[in-house]
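A.B. asks: End of the sequence shown = 148 in my numbering, gap-free, step of one.
A virtual CB, placed ideally from N, CA and C, is assigned to each residue, including glycine.
Okay, here's the structure, questions in a sec.
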Amino acid sequence: QVHLVESGGGLVQPGGSLGLSCAASGRGFSYGTMGWYRQAPGKERELVASITSGGSTNYADPVKGRFTISRDNAKNTVYLQMNSLKPEDTAVYYCYAVRLSQYWGQGTQVTVSS
Numbered sequence: 035q036v037h038l039v040e041s042g043g044g045l046v047q048p049g050g051s052l053g054l055s056c057a058a059s060g061r062g063f064s065y066g067t068m069g070w071y072r073q074a075p076g077k078e079r080e081l082v083a084s085i086t087s088g089g090s091t092n093y094a095d096p097v098k099g100r101f102t103i104s105r106d107n108a109k110n111t112v113y114l115q116m117n118s119l120k121p122e123d124t125a126v127y128y129c130y131a132v133r134l135s136q137y138w139g140q141g142t143q144v145t146v147s148s
């Protein structure tokens with residue numbers, strides 16, 4: 035059974051920074067691609083960033099240059115550092131990890147507001 039536990043969401047002012055982390059269960063497991071999606075109210079879930087086990091990264095255009103994804107394979111943990119946050123970044127952020135199937139975290143709220 036795979037579980038992903040997210041942490042780090044919250045309220046931040048525009049221009050501020052926030053870091054998210056997501057730990058996948060399973061000592062001894064290895065995961066393929068890990069990443070983050072987000073879903074704003076009334077909108078579809080969209081990919082934010084992904085990272086392969088080898089460290090190759092992919093970013094959605096709206097977050098390029100502001101967000102940085104990284105991972106620690108030994109800890110099965112993926113991180114998302116978000117800088118220069120904008121109100122339009124407000125959403126529930128979901129992490130995911132691939133190991134035969136795709137698994138999802140429970141989601142963490144990020145609110146960017148003054």
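Can you tell me the Cα-Cα spacing of V144 and R133, whole angstroms?
C.D. replies: Along the sequence shown, one-based indexing puts residue 144 at 110. Along the sequence shown, one-based indexing puts residue 133 at 99. Distance between the alpha carbons of V144 and R133: 26 Å.
A.B. asks: Please identify the residue among T124, E78, S51, T111 whose C-alpha is closest to the C-alpha of T67.
C.D. replies: Here residue 67 refers to the residue found at position 33 when the sequence shown is read from its first residue. Comparing Cα-Cα distances from T67 to each of T124, E78, S51, T111, the minimum goes to T111.
A.B. asks: From the DSSP output, which residues share a beta bridge with V132?
C.D. replies: Numbered from its first residue, the sequence shown carries residue 132 at position 98. According to DSSP, V132 bridges with Q136.
A.B. asks: Grouping DSSP H, G and I as helix and E and B as strand, with all else coil, what is N92?
C.D. replies: In the sequence shown, the residue the question calls residue 92 occupies position 58. Three-state DSSP puts N92 in a strand.
A.B. asks: Between S51 and L119, how many whole angstroms is the CB-CB distance? I'm expecting something under 8 Å.
C.D. replies: By 1-based counting over the sequence shown, the position of residue 51 is 17. By 1-based counting over the sequence shown, the position of residue 119 is 85. Contact flag correct, Cβ pair sits at about 7 Å.
A.B. asks: Where V97 and Q35 are concerned, what is the direct C-alpha to C-alpha distance, given to the nearest angstrom?
C.D. replies: For the purposes of this step, residue 97 is identified with residue 63 of the sequence shown, where counting begins at 1. For the purposes of this step, residue 35 is identified with residue 1 of the sequence shown, where counting begins at 1. Cα to Cα, V97 sits roughly 32 Å from Q35.
A.B. asks: Under a Cβ-count criterion, where at least 16 other Cβ atoms within 10 Å of its own Cβ denotes burial, should E40 be classed as buried or exposed?
C.D. replies: Residue mapping note: residue 40 aligns to position 6 of the sequence shown, counting from 1. E40 is buried by the Cβ-count criterion.
A.B. asks: Could you tell me the alpha carbon to alpha carbon distance between R105 and G69, rounded to whole angstroms?
C.D. replies: On the sequence shown, residue 105 is found 71 positions in, with the first residue counted as 1. On the sequence shown, residue 69 is found 35 positions in, with the first residue counted as 1. So the alpha carbons of these two residues sit roughly 9 Å apart.
A.B. asks: Can you tell me whether L45 is buried or exposed? The criterion is at least 16 other CB atoms within 10 Å of its CB, across all chains shown.
C.D. replies: Along the sequence shown, read from residue 1 onward, the residue named residue 45 stands at position 11. The residue is exposed, with fewer than 16 neighbouring Cβ atoms inside 10 Å.
A.B. asks: With a 10 Å radius around its C-beta and 16 neighbouring C-beta atoms as the bar for buried, classify S83 as buried or exposed.
C.D. replies: The residue given as residue 83 occupies position 49 in the sequence shown. One detail in the question is off: residue 83 reads as Ala in this sequence, not Ser. A83 is buried by the Cβ-count criterion.
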